[in-house]
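Novice: Quick one: the structure is below, and I'll ask about it shortly.
Residue numbers (the working numbering): 1 to 143.
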């Protein structure tokens, strides 16, 4: 019985490819759907895929809701940084209608998911400059 439990645990940690699978939280409801940022760029976001239209896709490998970030692998066909890793820090806004939430690309060209995740987090106390000296990109529902 112990061997079976150990085997099941091993399968839950290692994928078929032999790479470590991260324990994931799931997407916050306020981030699920179609959005437009304050620069006019459109997005479609699900629990596994972040799409910046028209051509950039990021496969989400980890959600960390407690620290408010996600880590994703850049699609090989992206216009830039294909196959590398991105860390996206996010925050929900209160009383800032129509802007619901904002995000910051803390890392966009890391060689591994571990390196992307270890990048310094964004400063949510200063959303106008807390993204490496720049503002968080503000997101509203795209209707």
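Every residue gets a Cβ at the ideal spot worked out from N, C-alpha and C, and that includes glycine. Note that the structure is a prediction, hence the values are computed from the model and not measured.
(1) Quick one, which of 66, 72, 101 has its alpha-carbon nearest residue 91's?
(2) What first and last residue would you give for the beta strand (DSSP E) that runs through residue 141?
(3) How big is the Cα-Cα spacing for residue 35 and residue 142?
(4) Can you tell me whether residue 69 is buried or exposed, with buried defined as 16 or more other CB within 10 angstroms of its CB?
(5) Could you tell me if residue 84 is buried or exposed, where buried requires 16 or more neighbouring beta carbons within 10 angstroms of its beta carbon?
(6) Whether or not the region 42 to 59 and the region 114 to 121 are in contact is what I'm after, with contact meaning three or more pairs of Cβ atoms, one per stretch, closer than 8 Å; do they touch?
(7) Going by C-alpha distance, which of 27, 95, 42, 65 is nearest residue 59?
Specialist: Let me lay it out:
(1) Within the chain shown, residue 91 is the residue found at index 91, counting from 1. Closest by alpha carbon: 101.
(2) Sequence index remark: in the chain shown, residue 141 carries index 141 (1-based). It spans 137 to 141 - the beta strand (DSSP E) in which residue 141 sits, taken as one unbroken run.
(3) By 1-based counting over the chain shown, the position of residue 35 is 35. By 1-based counting over the chain shown, the position of residue 142 is 142. Computed Cα separation, rounded: 4 Å.
(4) Start at 1 with the first residue of the chain shown, and residue 69 comes out as number 69. Classification for residue 69: buried.
(5) On the chain shown, residue 84 is found 84 positions in, with the first residue counted as 1. It counts as buried.
(6) no
(7) Your numbering for residue 59 matches position 59 in the chain shown. Cα-wise, what sits closest to residue 59 is 27.
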